[in-house]
Amino acid sequence: MGNEKFYTSVHLDESLCKGCINCIKRCPTEAIRVRNGKAVITKEFCIDCGECIRHCKNHAKLATHDSLDSMKDFKYTVALPAPSLYAQVNNIEDVDIVLTALKRMGFSDVFEVSAAAEIVSSLSREYIRNHKDQWPLISTACPTVTRLIRVRFPNLLEHLLPILPPMEIAARMARKRAMEKTGLPSEDIGIFFISPCPAKVTSVKFPLGYEKSEVDRVLAMKDVYPGLIQAMKDVVEDGQVEELSSTGNIGISWGGSGGEAGGLLTDSYLAADGIENVIKVLEDLEDNKFANTLSFIELNACSGGCVGGVLAVENPFLAKVKLKSLRKYLPIARTHDTPDDIGLEFTTDVAYEPVFNLGGNMAERLSKMSQLEELMEKFPGLDCGSCGAPTCKALAEDIVRGMARETDCIHVLRSYIRKISDGI
Amino acid sequence: MSEVKLSYTISGDDFTRAGEASGDVKSKLKVLGVSPDIVRKVSIALYEGEINMVIHAHGGTIDVTISETEITMVLADRGPGIENVELAMQAGYSTASENVRALGFGAGMGLPNMKKYSDEMSIDTRLGEGTTVTMKVFLQ
Chain A
0 MGNEKFYTSV
10 HLDESLCKGC
20 INCIKRCPTE
30 AIRVRNGKAV
40 ITKEFCIDCG
50 ECIRHCKNHA
60 KLATHDSLDS
70 MKDFKYTVAL
80 PAPSLYAQVN
90 NIEDVDIVLT
100 ALKRMGFSDV
110 FEVSAAAEIV
120 SSLSREYIRN
130 HKDQWPLIST
140 ACPTVTRLIR
150 VRFPNLLEHL
160 LPILPPMEIA
170 ARMARKRAME
180 KTGLPSEDIG
190 IFFISPCPAK
200 VTSVKFPLGY
210 EKSEVDRVLA
220 MKDVYPGLIQ
230 AMKDVVEDGQ
240 VEELSSTGNI
250 GISWGGSGGE
260 AGGLLTDSYL
270 AADGIENVIK
280 VLEDLEDNKF
290 ANTLSFIELN
300 ACSGGCVGGV
310 LAVENPFLAK
320 VKLKSLRKYL
330 PIARTHDTPD
340 DIGLEFTTDV
350 AYEPVFNLGG
360 NMAERLSKMS
370 QLEELMEKFP
380 GLDCGSCGAP
390 TCKALAEDIV
400 RGMARETDCI
410 HVLRSYIRKI
420 SDGI
Chain B
0 MSEVKLSYTI
10 SGDDFTRAGE
20 ASGDVKSKLK
30 VLGVSPDIVR
40 KVSIALYEGE
50 INMVIHAHGG
60 TIDVTISETE
70 ITMVLADRGP
80 GIENVELAMQ
90 AGYSTASENV
100 RALGFGAGMG
110 LPNMKKYSDE
120 MSIDTRLGEG
130 TTVTMKVFLQ
């Protein structure tokens, strides 16, 4: 059961891994080690940010997601495009072309996540206004950020915005609409989220803040892309564009960094993107360094926001330009009715998971910490990664946890061998 | 009884590095499994102290001892000393220069916050010689 709690979408194809140190160096939570020539991910530490996927030159790091074939598993399917999908394609002024194309690809219906995002924006505005004691509220739309906070920033858990992410609200609304429309039982309806990132896969399999996701399958944006482009060509050629979109400026903006915060219609927000920047903001927030006039903090693990996800195709910054031109002539918002018969808020607490704890009782942990400090004196401090750990400190922690040996450090090993050879 | 001793040298007048020591202590306390509310108290108290040393005293040293029952932080500097401790302890009182205030520091909450977030605090200060602030936070 314990493993389920730390499910990760990111995983390794061992046959492709050469045991280089690119991923261990890029992992923001130091979750990866190279052992016996292969990368090993510690699931408890991994927050599914996808940085290792982004940087693995051998494409050995992969995201688990569902295949397009899984559409056959259901009698009726609904595609849930993330707003970042609209920014993957060229030269469109009308979102309906993308939505119509998705239906041509075989989906029975579409439901825009960006429409649900407008509901989330409106709920957030109200929640923030009524919960000044929790300021600044921290966005929970990026599952990687929520996962990061639960393992590293226990003091900030109380600031998490307890509103379901747009994907989830979209899924619930889509299922309800499909059941009403078709009369089919829930199990015959497949809700397919088209995702820019692996973290969304994880949040579907193991959500934080609510019991169960209504999303049935998660497709990678890059897998949908080729078929989508083809279908869009057909749509444009025959001109049969269906009127499907109900998203305005706010909903579309969610696809890029600053979009969610912009939808709050306030100035007292901070928006940071890129996992290292996110960590810096959380550290400073934890240390009380921010003025308490901030009402909201939007954090996106990927640079540029969701358009920067590792399963997205387009350059994230160009994608942001496209989002901008798409929303140019749209009204502020087009989805206004908040459904009252599906849950919209968190139903479970996000609990602190002290995974980085050294283990044992306090006396044992203190002695491990002393040992760790002594080891740090012995190591060269080059953070070369040759031992398979990203830093000398990470190796020292591995050693006190019983996961590595001192002589895994080639510099320690070399002086040890020199000592022996001098003695001969 | 087992304990961990940590020592930091704080360089003066470099705001970009202020917070390095308190940040390191914070990450170590988390690894040590110290409860989140205590981690918060220590890191806020220590950060305030660290900033004070940078602003007023051209740096100094921070020694932290973590035992099974308490965390002791000794912040020693060779700065100008505090002329009127009672006044300095008042919320809002500050001697910081305009330059420093322009950076957002010098709100006069340094010492008051250190006292607020620690369980015990004592100040030993001598004009022209320096100041040593000792703070304790109990783990139980």
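As given, the protein sequences belong to chains A and B, one line each in that order.
Just so we're aligned, residue 0 is where the first sequence starts under numbering that gives the first Met the number 0, counting upward by one.
Just so we're aligned, residue 0 is where the second sequence starts under numbering that gives the first Met the number 0, counting upward by one.
Note that the Cβ used here is the ideal one computed from N, Cα and C, for glycine as well.
Just so we're clear, the structure is a prediction, and the values are computed from it rather than from any experiment.
Could you check where the alpha helix (DSSP H) with residue i kicks off and where it finishes?
{"i": "Leu322(A)", "result": "Pro315 to Arg326"}
{"i": "Thr143(A)", "result": "Pro142 to Arg151"}
{"i": "Gly109(B)", "result": "Gly109 to Tyr116"}
{"i": "Gly189(A)", "result": "Segment Ile188 to Ser194 is the beta strand (DSSP E) holding Gly189(A); no alpha helix (DSSP H) there."}
{"i": "Cys231(A)", "result": "Looking at the sequence shown, residue 231(A) is not Cys but Met. Run containing Met231(A): Met220 to Asp237, per the alpha helix (DSSP H) assignment."}
{"i": "Thr99(A)", "result": "Val94 to Arg103"}
{"i": "Glu47(B)", "result": "Pro35 to His55"}
{"i": "Ser113(A)", "result": "Val112 to Asn129"}
With the cut-off set at 9 Å, would you say residue i and residue j are in Cβ contact?
{"i": "His64(A)", "j": "Val234(A)", "result": "no"}
{"i": "Gly78(B)", "j": "Thr8(B)", "result": "no"}
{"i": "Glu213(A)", "j": "Ala170(A)", "result": "yes"}
{"i": "Gly105(B)", "j": "Gln89(B)", "result": "no"}
{"i": "Thr7(A)", "j": "Ile31(A)", "result": "no"}
{"i": "Glu285(A)", "j": "Lys115(B)", "result": "no"}
{"i": "Gly129(B)", "j": "Asp76(B)", "result": "yes"}
{"i": "Gln87(A)", "j": "Val354(A)", "result": "no"}
{"i": "Glu47(B)", "j": "Lys135(B)", "result": "no"}
{"i": "Leu462(A)", "j": "Ile193(A)", "result": "Because chain A in this structure spans residues 0 to 423, residue 462(A) falls outside the shown range and cannot be described."}
{"i": "Val144(A)", "j": "Val277(A)", "result": "yes"}
{"i": "Thr71(B)", "j": "Thr60(B)", "result": "no"}
{"i": "Val33(A)", "j": "Gly308(A)", "result": "no"}
{"i": "Gly304(A)", "j": "Lys319(A)", "result": "yes"}
{"i": "Pro27(A)", "j": "Leu322(A)", "result": "no"}
{"i": "Ile52(A)", "j": "Ala62(A)", "result": "yes"}
{"i": "Val439(A)", "j": "Ala173(A)", "result": "For chain A, the structure presents residues 0 to 423; residue 439(A) sits outside this window and is missing."}
{"i": "Met104(A)", "j": "Leu227(A)", "result": "yes"}
{"i": "Ser324(A)", "j": "Ser256(A)", "result": "no"}
Can you tell me where the beta strand (DSSP E) with residue i in it begins and where it stops?
{"i": "Arg424(A)", "result": "Any question about residue 424(A) goes unanswered here, given that chain A covers just 0 to 423."}
{"i": "Asp23(B)", "result": "From DSSP, Asp23(B) is part of no beta strand (DSSP E) but of the alpha helix (DSSP H) over Glu19 to Val30."}
{"i": "His10(A)", "result": "Val9 to Leu11"}
{"i": "Tyr268(A)", "result": "Tyr268 to Asp272"}
{"i": "Leu79(A)", "result": "Tyr75 to Pro80"}
{"i": "Ser66(A)", "result": "First-last for Ser66(A): undefined, no H or E at that position."}
{"i": "Tyr7(B)", "result": "Glu2 to Ser10"}
{"i": "Thr181(A)", "result": "Here Thr181(A) belongs to no beta strand (DSSP E); instead the alpha helix (DSSP H) covers Pro165 to Thr181."}
{"i": "Met134(B)", "result": "Gly129 to Phe137"}
{"i": "Glu297(A)", "result": "Phe295 to Asn299"}
{"i": "Gly261(A)", "result": "That residue, Gly261(A), is in no beta strand (DSSP E); its alpha helix (DSSP H) goes Gly258 to Gly261."}
Would you report the Cα separation of residue i and residue j, rounded to the nearest angstrom?
{"i": "Ala95(B)", "j": "Ile54(B)", "result": "8 Å"}
{"i": "Lys418(A)", "j": "Thr139(A)", "result": "55 Å"}
{"i": "Arg413(A)", "j": "Ile148(A)", "result": "40 Å"}
{"i": "Ser244(A)", "j": "Ile190(A)", "result": "17 Å"}
{"i": "Leu136(A)", "j": "Val150(A)", "result": "18 Å"}
{"i": "Thr406(A)", "j": "Asn35(A)", "result": "14 Å"}
{"i": "Gly258(A)", "j": "Glu344(A)", "result": "20 Å"}
{"i": "Ser123(A)", "j": "Leu263(A)", "result": "7 Å"}
{"i": "Pro437(A)", "j": "Arg400(A)", "result": "The structure shown does not extend to residue 437(A), since chain A is modelled only from 0 through 423, so no value can be given for it."}
{"i": "Lys4(A)", "j": "Phe205(A)", "result": "7 Å"}
{"i": "Gly422(A)", "j": "Leu374(A)", "result": "24 Å"}
{"i": "Met0(A)", "j": "Glu125(A)", "result": "With a pLDDT of only 39 at Met0(A), under the threshold of 50, the placement of this residue in the model should not be trusted; the figure read from the coordinates follows. About 37 Å."}
{"i": "Glu2(B)", "j": "Glu376(A)", "result": "18 Å"}
{"i": "Lys60(A)", "j": "Cys19(A)", "result": "12 Å"}
{"i": "Ile168(A)", "j": "Lys221(A)", "result": "23 Å"}
{"i": "Arg364(A)", "j": "Ser420(A)", "result": "37 Å"}
{"i": "Leu5(B)", "j": "Arg326(A)", "result": "54 Å"}
Can you find a CB in chain E that lies within less than 9 Å of the CB of residue i?
{"i": "Val99(B)", "result": "The structure shown contains no chain E; its protein chains are A and B."}
Kindly examine the ligand SAM and report whether one of its heavy atoms sits closer than 8 Å to the Cβ of residue i.
{"i": "Thr337(A)", "result": "As far as ligands go, the structure on display features none, and thus does not contain the ligand SAM."}
Residues of the segment 17-34 of chain B with a CB closer than 8 Å to any CB of chain A: list them in chain order, please.
-> Gly18, Ser21, Gly22, Lys25, Lys27, Lys29, Val30, Leu31 and Gly32
Pair every Cβ in the segment 160-169 of chain A with every Cβ in the segment 9-21 of chain A, then say whether three or more of these pairs are closer than 8 Å.
-> no
Where the segment 60-87 of chain B meets chain A: residues whose CB sits under 8 Å from a CB there = Ile65, Ser66 and Glu67
Determine contact between the segment 356-364 of chain A and the segment 122-137 of chain A, defined as no fewer than three beta-carbon pairs at a distance below 8 Å.
-> no
Proximal residues, the segment 346-367 of chain A versus chain B, C-beta separation under 7 Å = Tyr351, Pro353, Phe355, Asn356, Leu357, Met361, Ala362, Arg364, Leu365 and Ser366
Between the segment 144-157 of chain A and chain B, which residues of the former have CB atoms less than 8 Å from a CB of the latter, in chain order?
-> Arg151, Pro153 and Asn154
Report the residues of the segment 39-50 of chain B with a CB closer than 8 Å to any CB of chain A, ordered along the chain.
-> Arg39, Ser42, Ile43 and Tyr46
Near-chain B residues of the segment 264-292 of chain A (beta-carbon distance less than 9 Å), N- to C-terminal order = Glu282, Asp283, Glu285, Asp286, Asn287, Lys288 and Ala290
Using a Cβ cut-off of 9 Å, which residues of the segment 366-388 of chain A contact any Cβ in chain B, in chain order?
-> Ser366, Lys367, Met368, Ser369, Leu371 and Glu372
Flag this pair as touching only if the segment 80-89 of chain B and the segment 4-20 of chain B have three or more C-beta atom pairs under 8 Å; answer yes or no.
-> no
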